[in-house]
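The numbers in the working numbering rise by one with no breaks, and the one at position 283 of the sequence shown is 283. In this text, a Cβ means the ideal position worked out from N, Cα and C, and glycines have one as well. Written out below as structure tokens is the structure these notes cover.
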Amino acid sequence: MDTRYVQSFVTVVDCGSLAEAARRLDLTPAAIAARVRSLEEELGVALVKRAGRSVKPTEAGVKILERARVVMRDVRDLRASASADEPLGEFRLGVSTSALTGLLPPVLRRHYQRYPRLAVYVEPGTSSHLYQQVTEGELDAAIIVQPQFAIPKGYDWHLLAAEPLVVLAPANQAGRDAHALMASESFIRYDRATWGGRMADRYLRQHGIRPQERLEIDALPSIAAMVAEGLGVSLIPDWAPVGVAGMPLARVPLPGVAPVRRMGLLWAAQAPHASMARAFLEAAAARSDDV
Numbered sequence: 001m002d003t004r005y006v007q008s009f010v011t012v013v014d015c016g017s018l019a020e021a022a023r024r025l026d027l028t029p030a031a032i033a034a035r036v037r038s039l040e041e042e043l044g045v046a047l048v049k050r051a052g053r054s055v056k057p058t059e060a061g062v063k064i065l066e067r068a069r070v071v072m073r074d075v076r077d078l079r080a081s082a083s084a085d086e087p088l089g090e091f092r093l094g095v096s097t098s099a100l101t102g103l104l105p106p107v108l109r110r111h112y113q114r115y116p117r118l119a120v121y122v123e124p125g126t127s128s129h130l131y132q133q134v135t136e137g138e139l140d141a142a143i144i145v146q147p148q149f150a151i152p153k154g155y156d157w158h159l160l161a162a163e164p165l166v167v168l169a170p171a172n173q174a175g176r177d178a179h180a181l182m183a184s185e186s187f188i189r190y191d192r193a194t195w196g197g198r199m200a201d202r203y204l205r206q207h208g209i210r211p212q213e214r215l216e217i218d219a220l221p222s223i224a225a226m227v228a229e230g231l232g233v234s235l236i237p238d239w240a241p242v243g244v245a246g247m248p249l250a251r252v253p254l255p256g257v258a259p260v261r262r263m264g265l266l267w268a269a270q271a272p273h274a275s276m277a278r279a280f281l282e283a284a285a286a287r288s289d290d291v
């Protein structure tokens, strides 16, 4: 059985479209359809069906889907094990939303300078979701907030950045007391479903601050844009993305010692792609040396 046919089937199901699967695999829709048909002929069952403009798996397709994913992971792991001295192939990296505009770009630049043949698939998400995907083997590694519980044996987490909580306010509010800002101005809350958002919520409750809540959202770049428009203030980690540099914003420090969101890399220490994770850490360390 040609594993490329299995890959095409999984990609079609994930994308829900032959055209999108073709774009992702850099093939024509006709080539993707031919691969899926070849797999169906080999297995003797129909695996996909059209449903309006989308493509969905048949009952037989659903039955083999997870096994097909395992086959593709095994193929990737086999390639990674064979090329342990030089990371090749695809590295599946989960990245929390804020790290997409903060930590990731300069680290990837250094990573590709050293390993130009490496392909990185980036999946954004919340830290809790990405943590689960790493521990279930869906991702090779993830940049997430440090879990507030013991990490299972066999997994490593390494600090990449420490980001203290700050009050983000419009530039004309610079110089005001952080607590007074949060108590008096409209408040844009960092989503409490995220680990960082829970840290901010805990700080507010510990200091008896009851903000005039206007919005709750989980994307730090979006929060920054809304604050810059004068929609309110927010309590967020100081992740300092390049994209915020030109916005009329003020970072108002909290009094005393502020809570710190610790961002780091989580990976399975003994997995075939562990060497890629360690190489990623080396690129991150080189970035820190430049700062």
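* What's the C-alpha gap between V291 and A228? -> The predicted position of V291 is uncertain, since its pLDDT is 46 and thus under 50; no value can be drawn from it.
* Asked: Near V45, which residues of its chain fall below 6 angstroms by C-beta distance, leaving aside the five closest residues on each side in sequence?
  -> Non-local beta-carbon contacts of V45 in its own chain, meaning distances under 6 angstroms to residues more than five positions away in sequence, involve A60 in chain order.
* Asked: From L130 to Y155, what does the alpha carbon distance come to, in whole angstroms?
  -> Taking C-alpha positions only, L130 is separated from Y155 by approximately 14 angstroms.
* At which residues does the beta strand (DSSP E) containing Y155 begin and terminate? -> Secondary structure note for Y155: its beta strand (DSSP E) is the uninterrupted segment 155–170.
* Output the distance between the C-alpha atoms of M263 and G52, rounded to the nearest integer angstrom. => So the two alpha carbons sit approximately 43 angstroms from each other.
* **Contact under 8 angstroms by Cβ, M199 with R261** => Their beta carbons are under 8 angstroms apart, which means M199 touches R261 by this criterion.
* Continuous alpha helix (DSSP H) stretch holding Y5: start and end -> Following the DSSP letters along the chain, one finds Y5 inside the alpha helix (DSSP H) bounded by residues 3–15.
* With C-beta atoms as the reference, is V6 less than 8 angstroms away from F280? -> Taking C-beta atoms as the reference points, V6 and F280 fail to come closer than 8 angstroms.
* **Pair within 8 angstroms by beta-carbon distance, R214 and F187** => Going by C-beta atoms, R214 is nearer than 8 angstroms to F187.
* Asked: Are there three or more Cβ pairs, one per stretch, closer than 8 angstroms when the region 245–259 is compared with the region 146–162?
  -> They do not touch, by the three-pair rule.
* To do: Tell me, please, whether the region 90–103 touches the region 142–156 by the rule of three or more beta-carbon pairs shorter than 8 angstroms.
  => With a cut-off of 8 angstroms, the region 142–156 and the region 90–103 count as touching, because enough Cβ pairs lie within range.
* Asked: Between the beta-carbon of G125 and the beta-carbon of W239, is there less than 8 angstroms?
  -> Note that the C-beta distance between G125 and W239 is not below 8 angstroms.
* **Residue nearest to L65 in terms of C-alpha spacing, selected from Q270, A19, G256, F9** => Out of Q270, A19, G256, F9, F9 has the C-alpha closest to the C-alpha of L65.
* Tell whether a beta-carbon distance below 8 angstroms holds between Y203 and L231. => When the beta-carbon positions are compared, Y203 and L231 stay at least 8 angstroms from each other.
* Whose C-beta lies closer than 7 angstroms to the C-beta of P29 among residues of the same chain, with five residues either side of it excluded? -> Here the set comprises L18, A19, A22.
* To do: Please go through the same chain and pick out, in chain order, the residues whose beta-carbon is closer than 7 angstroms to the beta-carbon of I209, but skip the five residues on each side of it.
  => Close CB contacts of I209 within its chain, under the 7 angstroms cut and outside five residues either way in sequence, are with H179, M182, A183 (chain order).
* Asked: Tell me, which residues are paired with P237 by DSSP?
  -> DSSP output for P237 lists L165 as bridge partner(s).
* Would you list the residues sitting across from F187 in a DSSP beta bridge? => Its beta-bridge partners are E213, V233.
* Reduced DSSP category for Y115 - H, G, I as helix; E, B as strand; rest coil -> If DSSP states are grouped into helix, strand and coil, Y115 belongs with coil.
* Return the CA-CA distance between P237 and V257, expressed in angstroms with no decimal places. => Taking the straight line joining both Cα atoms gives about 13 angstroms.
* Using beta-carbon positions only, say whether S98 and L220 come within less than 8 angstroms of one another. => Pairing S98 with L220 gives a Cβ-Cβ distance under 8 angstroms.
* How many whole angstroms separate the CB atoms of A225 and L168, which I take to be in contact at a CB cut-off of 8 angstroms? -> With a Cβ gap of about 11 angstroms, A225 and L168 do not count as contacting.
* To do: Note down the Cα distance separating Y115 from H207, rounded to an integer number of angstroms.
  => Cα to Cα, Y115 sits roughly 48 angstroms from H207.
* To do: With distances taken Cα to Cα, identify the nearest neighbour of A284 among L265, A274, T135.
  => It is L265.
* **For L43 and K49, the rounded distance between their alpha carbons** => Spanning the two alpha carbons is a distance of roughly 16 angstroms.
* Tell me, which residues are paired with Y121 by DSSP? -> Per DSSP, the beta bridge partners of Y121 are R92.
* **Cut-off 7 angstroms between Cβ atoms - residues of its own chain near R1, not counting five sequence neighbours on either side** => It is worth fixing the name first, because residue 1 is Met in this sequence and not Arg. Spatial neighbours of M1 in its own chain (CB-CB distance under 7 angstroms, excluding positions within 5 residues in sequence) are listed in chain order as E42.
* To do: Keeping to the same chain, check which residues put their C-beta closer than 7 angstroms to that of S128; ignore five residues upstream and five downstream.
  => Same-chain partners within the cutoff: W195.
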